[in-house]
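Worksheet: one structure, shown below.
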Amino acid sequence: MSGDTSTALREPVPAPPRPRPTGRPRPAAVRITLGVLAAAAYLAVVIAGWSVYVRVADVPVYLLPPPGEVWDAARDLIGNGQLWPNLGFTARNIALGFVGGTLIGTLLGWLLWSSRWARELLAPYIVLLQAAPKIAVAPLLVLWFGLSQTSQLVLILLLAFFPMMTAMLLGLRDVPADVATLGRLLHLSRWQYLRTIQLPAAVPALLAGAKVAVIDSMTGAFLAEYLSAQKGLGYLMVLGNTSNDTPLLIAAVVITVLVGLAGFGLVSLAERRLLRWNR
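Residue 1 is where the sequence shown starts when you use UniProt numbering, and the numbers rise one by one after that.
Printed below as a string of structure tokens:
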């Protein structure tokens with residue numbers, strides 16, 4: 001028995017099986033290239049289906065022009081210099097409204113979270129304001145502020161601040177209880193506690209809210225321009241509609257969609273960069 005034991009002790013113990021490699025993460029350049037190719041494939045499918053439908057169903061041009069005519073209208077906008085001033089005007093309004101809505105929503109969310117009196121006083125009015133349809137509020141803003149950029153920015157702010165406020169409230173609730181207790185034990189000031197503990201914990205929720213806010217900012221900008229502006233992509237839509245120029249109208253809509261996708265993509269890129277530690 002002792003000999004068997006000594007022999008077993010001398011025999012090497014087999015190593016545990018190594019886990020199979022799951023594959024290296026793809027480099028950023030490869031991921032970007034694959035994303036561009038996938039987007040191009042989706043776009044090609046949409047354009048092909050659009051072109052086939054127009055031909056097979058014999059749709060009149062004034063209802064739905066073929067993709068070639070829409071492309072010609074977009075090229076004319078670029079050629080005559082009409083696109084860039086309108087695109088820049090809309091992009092500036094979206095950026096100002098998004099940044100302003102982000103700041104207001106974040107601060108308001110923190111105020112509602114930290115003060116019971118603020119919640120009781122402001123929450124009913126905020127919910128009431130958000131429940132009001134913005135298509136009905138927009139004419140009132142034009143009446144109060146006139147046909148100016150102020151009415152357009154106010155409408156964008158009304159749409160952009162609420163997702164950020166909600167995201168801030170949700171993010172502050174994600175602060176772990178032990179971390180909050182540690183902050184109290186260290187006697188951190190309210191500003192130090194917000195900067196070192198609350199904001200880092202709320203970043204994922206804030207970025208998720210920013211994805212919604214940037215789309216809402218775009219919606220507010222185009223709605224405001226559609227109603228009151230003499231410039232912008234919304235104005236180009238009105239111009240195409242009133243002049244029965246359907247290719248121009250659809251070209252403006254397509255450019256609008258591209259602007260929205262660009263804004264959403266920028267926020268998603270910032271999310272990947274800032275949350276790299278969480279992957």
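We treat Cβ as the ideally placed atom computed from N, Cα and C, and that holds for glycine. Note that the structure is a prediction, hence the values are computed from the model and not measured.
Margin query: On the CB-based measure, 16 or more other CB atoms within 10 Å of its CB, does residue 296 come out buried or exposed?
Written below: It is not possible to answer for residue 296, since the shown part of the chain is limited to 1 through 279.
Item checked: Of the residues 52, 49, 218 and 40, the one placed nearest residue 98, counting alpha carbons only -> Selected option, being the one with the closest Cα: 218.
Note to self: Let's see if you can read the secondary structure: which residues bound the alpha helix (DSSP H) around residue 193?
What the structure shows: 190-193 is the span of the alpha helix (DSSP H), which, as asked, contains residue 193.
Next item on the list: On a CA-only basis, which of 156, 75, 202 and 38 is nearest residue 275? Give me that one, please.
Entry: Nearest of 156, 75, 202 and 38 to residue 275, Cα basis: 202.
Note to self: Buried or exposed, going by whether 16 or more other CB atoms sit within 10 Å of the CB of residue 21?
What the structure shows: Note on residue 21: pLDDT 47, under 50, position unreliable in the model; no value is reported.
Next item on the list: Excluding the 5 residues preceding and the 5 following residue 170 in the sequence, name in chain order all residues of the same chain whose CB lies nearer than 6 Å to its CB.
Entry: Only residues of its own chain outside the window of five on either side were considered, and among them 205 have a CB closer than 6 Å to the CB of residue 170, listed in chain order.
Margin query: Measuring straight from C-alpha to C-alpha, what distance separates residue 33 and residue 40?
Written below: 11 Å
Checklist line | Stretch-stretch touch, CB-based, cutoff 8 Å, three pairs: the region 258-273 with the region 128-147 | finding: no
Next item on the list: Return the chain-ordered ranges of every alpha helix (DSSP H) run that is complete within the region 122-163 and spans a minimum of 4 residues.
Entry: 134-145
Margin query: Out of 273, 172, 197 and 152, which one is the CA nearest neighbour of residue 220?
Written below: 152
Check: Relative to the alpha-carbon of residue 167, which residue among 251, 236, 265 and 109 has its alpha-carbon at the smallest distance?
Finding: Nearest option by C-alpha distance: 109.
Next item on the list: With a threshold of 16 other CB atoms inside 10 Å of the CB of residue 93, please say whether the residue is buried or exposed.
Entry: buried
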